[in-house]
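Visitor: At position 360 of the sequence shown (counting the first as 1) the number is 364 in our numbering, and the numbers step up by one without a gap.
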Amino acid sequence: MSERFDVVVIGAGPAGYIASIRAAQLGFKVACAEKWMNPDGEAALGGTCLNVGCIPSKALLASSEEFAKLHEAIGEHGISVENPRVDVSKMLERKNGIVKKMTKGIEFLFRKNRITWLKGHARLAGSADGFHRVEISGESGVEVHEAKNIIIASGSRPRALPGIEIDNKLICDNEGALSFDKVPKRLAVIGAGVIGLELGSVWRRLGSEVTVLEAMPKFLAACDDAVAKEAAKSFAKQGLDIKLGVKIGEIKTSKKGVSIRYEDSSGTAQVLEADRLVVSVGRVPNTHDLGLETVGLALDERGLVPVDDHCRTAVGGVFAIGDVVRGPMLAHKGEDEGVMVAELIAGQSPHIDYNCIPWVIYTSPEIAWVGRTEQQLKSEGRQYKSGQFPFAANGRALGMGHSDGFVKVLSDAQTDEVLGVHVISASASDLISEAALAMEFKASAEDIGRVCHPHPSMSEVMREAALATDKRALNM
Ligand code: FAD
Ligand code: NAI
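1) Thinking just about the alpha-carbon of each residue, which of Asp416, Pro394 and Ala417 is nearest to the one in His406?
2) Shorter than 7 Å, the distance from the beta carbon of Arg127 to the closest heavy atom of ligand 1, or not?
3) Does the beta-carbon of Gly321, which I'm using as the reference point, lie nearer than 7 Å to any heavy atom of ligand 2?
4) Compute the distance between the beta-carbons of Val282 and Cys360, then report whether it is under 8 Å.
5) Between Arg476, Ile78, Lys123 and Lys189, which lies nearest to Ile14 when the distance is taken from Cα to Cα?
6) Could you tell me which residues DSSP pairs with Thr257 in its beta bridges?
7) Less than 7 Å between the CB of Ser269 and some heavy atom of ligand 2, yes or no?
8) For ligand 2, enumerate in chain order all residues having a CB closer than 6 Å to any of its heavy atoms.
9) Taking only beta-carbon positions, decide if Gln352 is within less than 8 Å of chain B.
10) Going by C-alpha to C-alpha distance, which of Ala302, Arg190, Gly180 and Ile194 sits closest to Glu213?
11) Whose CA, out of Gly20, Gln392, Thr473 and Val364, lies closest to the CA of Asp340?
12) Quick one: give me the first and last residue of the alpha helix (DSSP H) that Asp451 is part of.
13) How long is the line joining the alpha carbons of Ala449 and Ala129, rounded to whole angstroms?
14) Do you know offhand how far Leu65's Cα is from Leu203's?
15) Secondary structure at Phe395, three-state DSSP: helix, strand or coil?
16) Quick one: is Met106 buried, meaning 16 or more other Cβ sit within 10 Å of its Cβ, or exposed?
17) Can you list, in chain order, the stretches of the alpha helix (DSSP H) that have 4 or more residues and sit fully within the segment 42–99?
18) Buried or exposed: Gly45, going by 16 or more other Cβ atoms within 10 Å of its Cβ?
19) Return the residue from the list Lys382, Thr257, Leu296 and Asp268 that minimises the CA-CA distance to Ala278.
20) Count the other C-beta atoms from every protein chain shown that fall within 10 angstroms of the C-beta of Ala430, then say buried if there are 16 or more, exposed otherwise.
21) Measuring alpha carbon to alpha carbon, tell me which of Ile194, Lys173 and Gly195 ends up nearest Lys186.
22) I think Ile155 touches Val11, with their Cβ atoms under 8 Å apart; what is that distance to the nearest whole Å?
23) At a threshold of 7 Å, does Ser160 count as lining ligand 1 (C-beta to nearest heavy atom)?
24) For Ala442, which residues from the same chain have a beta carbon less than 8 Å from its beta carbon, with the 5 sequence-adjacent residues on both sides left out?
25) Quick one: which unbroken alpha helix (DSSP H) runs of 4-plus residues sit fully inside the segment 122–205? Chain order, please.
26) Which word fits Gly391, buried or exposed, when buried means at least 16 other C-beta atoms lie within 10 angstroms of its C-beta?
27) Bridge partners of Asp416, per DSSP?
28) Assign Leu317 to one of three DSSP states: helix, strand, or coil.
29) Who pairs with Lys251 in a beta bridge, going by DSSP?
30) Classify Ile325: buried if its beta carbon has 16 or more other beta carbons within 10 angstroms, exposed otherwise.
Okay, structure coming up:
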């Protein structure tokens, strides 16, 4: 049966399902096409983020952190635990249960907001009389629907390395690495980016010997240099073996595992033997077989859908959001774009300040930042002040056994406007929200310094770092 909608969204990841909900809240008749099938054959909403990304990875990070506490940190509290053990299948069951709860939650939200879930693969099929046609290929055949507005939110998939076949048994992408049936004794990871570090941390904490092979000579190049240096020290202490500046060669699998030939940074040939390999070398947008050409849309040189600052494509009534467009591949960035586009369609004037989108890497300690790094400010020739304060001088951090790391605040030398904030510590993911809020409101470092922060709390370090930009931290 063919239906006419105000809005059809392609993809129900965080960008698409949030766009659908916001559009429905604004009174539109909305459908969302989603083709995701779980290995058990059940269709699911939620996209990469909920099924094989943010949510399952954070569940395993939390489980492995509990285990690491028993193993590595509980002793200093005067508590001893005899021989803690891991039951991997129970840990995976917990993770899968959280994923199911969340994806079923979106089904509930769709019903609540009267959003039609079009199950199957969606492709555009031309436009006529002010409507765009969408073809859905599902289990029951092909249906064609029409919509005044289309929001493309088809997300991304792992980038493949030429000649390396992912079987999700021995050689895995994120999906396989979130479902190992046992703790591999030796785990190799290609790519010391966000996934490599997070999933490398999970299995390292559970007992794997983890070696990470990274092509770039610089570690965590997107982070502020001070944070990257502190993180490298911390990960080395934990036993994550990160080799920079490598060139990956031939990879072979056998009954014994995986053998990875590579050149190290000095050009010497090396072989790494591992039981499992995770390939995490970035992600590419899902822009194939979307029928974009039928409405006159072409991709850019990176395969992304070209959009303006408000996620409008060159074709009227067609928008694109999330991982298929420029900007960081982050769930919260896609969600905000979803809200923005729905409100644009409703004739409102929403806006996103892309400079205020926070980043978090959920390692231990966590790494979080928003705005410019010190090296970016230097290269832009901007005059700035820098204030840094360590968690080691914070009573709450000491009490919690989380005294590693610091907050660094960068502010404009003349106006004192906050330009960037960098946190490396436990709960950096929560602490960074204060900085994002401050930057959205164009706050000065003095503004943060004048706000009463609860004592004792980790958040006092944010205030102290802000005061330190004026050389007046109180507890240093
Ligand atoms: P996706 O989540 O990829 O969803 C796109 C959906 O569109 C999919 O469900 C797909 O099936 C569907 N689709 C595609 N084409 C079609 C079609 N033609 N017809 C019908 N349906 C279609 N980001 C964070 O911000 N924080 C994190 O902690 C975090 N952790 C991550 C951990 C891992 C291991 C990974 C892999 C990613 C992580 N990310 C994280 C990134 C985050 O998952 C993505 O940025 C986010 O999912 C992008 O949202 P999206 O809606 O654009 O796309
Ligand atoms: P990434 O871009 O973070 O890191 C990929 C790494 O692989 C880079 O350091 C790159 O230099 C390296 N690399 C590329 N080719 C290589 C090669 N041939 N040999 C060795 N190293 C190579 O990508 P990743 O980790 O795959 O994650 C994809 C995206 O998913 C992230 O960029 C991020 O947007 C999102 N994500 C976000 C998370 C979060 O917000 N906490 C968690 C996980 C993923």
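A virtual CB, placed ideally from N, CA and C, is assigned to each residue, including glycine.
Guide: With the given structure in hand:
1) Pro394
2) yes
3) no
4) no
5) Lys123
6) Val262
7) no
8) Leu165, Ile194, Gly195, Ala196, Gly197, Val198, Ile199, Gly200, Glu202, Leu217, Glu218, Ala219, Met220, Ile252, Ser284, Val285, Gly286, Arg287, Pro332, Met333, Leu334, Val364, Ile365 and Tyr366
9) Within the model displayed, chain B is absent; a lone protein chain is all it includes.
10) Arg190
11) Gly20
12) Ala449 to Arg454
13) 52 Å
14) 8 Å
15) helix
16) buried
17) 51–56 and 58–72
18) exposed
19) Thr257
20) buried
21) Lys173
22) 6 Å
23) yes
24) Val422, Val425, Asp451 and Ile452
25) 178–181
26) buried
27) Tyr388
28) According to the sequence displayed, residue 317 carries Thr and not Leu. Here Thr317 sits in coil by DSSP.
29) Glu267
30) buried
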